[in-house]
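Participant: Numbering-wise, the sequence shown is residues 1 to 138 according to UniProt numbering.
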Amino acid sequence: MTVLPNVQQKTIKPIIEKTVTKFSTIHTDEYNIYAKLENWEYYHKTVNHSLGQYAKDEDGDGIYEVHCNTQECIWSLLRPWLRPHRGISQEKLPFYVGYFEFLHNLRMRGKKALQETFQLLLTPDLRNYQQCLIISPV
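#1: Just to confirm, is the Cβ distance from residue 68 to residue 27 under 8 Å?
#2: Under a three-way DSSP split, which group does residue 16 fall into?
#3: Please state the DSSP three-state secondary structure of residue 55.
#4: Using 8 Å as the cut-off, can you tell me whether the segment 28–47 makes contact with the segment 4–15, which would need three or more C-beta pairs spanning the two stretches below that distance?
#5: What are the boundary residues of the alpha helix (DSSP H) that residue 70 is part of?
#6: Identify every residue that forms a DSSP beta bridge with residue 167.
#7: Determine contact between the segment 85–93 and the segment 52–70, defined as no fewer than three beta-carbon pairs at a distance below 8 Å.
#8: Please specify which runs of the alpha helix (DSSP H), each continuous and at least 4 residues long, are wholly inside the segment 93–128, giving them in chain order.
#9: In whole angstroms, give me the CA-to-CA distance for residue 3 and residue 96.
#10: Contact check, residue 106 vs residue 113 under 8 Å by CB: the rounded distance?
See below:
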């Protein structure tokens, strides 16, 4: 997840190009910020929320292939998670979002991943500790 300074095509283009392989299919709503995805060499499929469309079955097999529900679900989890931290500054927002993303991803991997993370955080790296003890000549 990336916190953007604004919601413009020139802002999202470098992020999309860095994180999404060319000619991948991107599913979005019809917000105009995504209008140039095909010009940027991506396949683009949309749902039209203003018409009450939230998922689309393009091939008639009963499976709704086109949707942006996964990302909207993550946003629905982020908003209430941020709510108790009232008054977050724009400067610190990327740290809160990064921490939320870390916790969300870790949750998907289970308790073992959480235990391993805490073990890494709590186990001192003796090489760094020894370097701190070296007294350099004045």
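Glycine included, C-beta positions come from ideal geometry on N, C-alpha and C.
These numbers come from a predicted model, not from an experiment.
Facilitator: Considering the structure as presented:
#1: Position 68 of the sequence shown, counting from 1, holds the residue named residue 68. Position 27 of the sequence shown, counting from 1, holds the residue named residue 27. Yes; because the gap between Cβ atoms is below 8 Å, this pair is in contact.
#2: On the sequence shown, position 16 is the one that residue 16 refers to. Assignment of residue 16 by DSSP, reduced to helix, strand and coil, places it in the helix class.
#3: The sequence position of residue 55 within the sequence shown is 55, counting from 1. Residue state for residue 55 is assigned as strand, using DSSP reduced to three classes.
#4: Counting Cβ pairs under 8 Å, three or more are found: they touch.
#5: For the purposes of this step, residue 70 is taken as the residue at position 70 of the sequence shown. Run containing residue 70: 69–82, per the alpha helix (DSSP H) assignment.
#6: No statement about residue 167 is possible, as the shown extent of the chain runs from 1 to 138 and does not include it.
#7: These segments do not touch.
#8: You should have 93–109 and 111–122.
#9: For the purposes of this step, residue 3 is taken as residue 3 along the sequence shown, with counting starting at 1. For the purposes of this step, residue 96 is taken as residue 96 along the sequence shown, with counting starting at 1. Inter-residue distance for residue 3 and residue 96 is about 10 Å (C-alpha atoms, whole angstroms).
#10: By one-based count along the sequence shown, residue 106 stands at place 106. By one-based count along the sequence shown, residue 113 stands at place 113. Taking the Cβ atoms as the reference, residue 106 lies roughly 5 Å from residue 113, within the contact range of under 8 Å.
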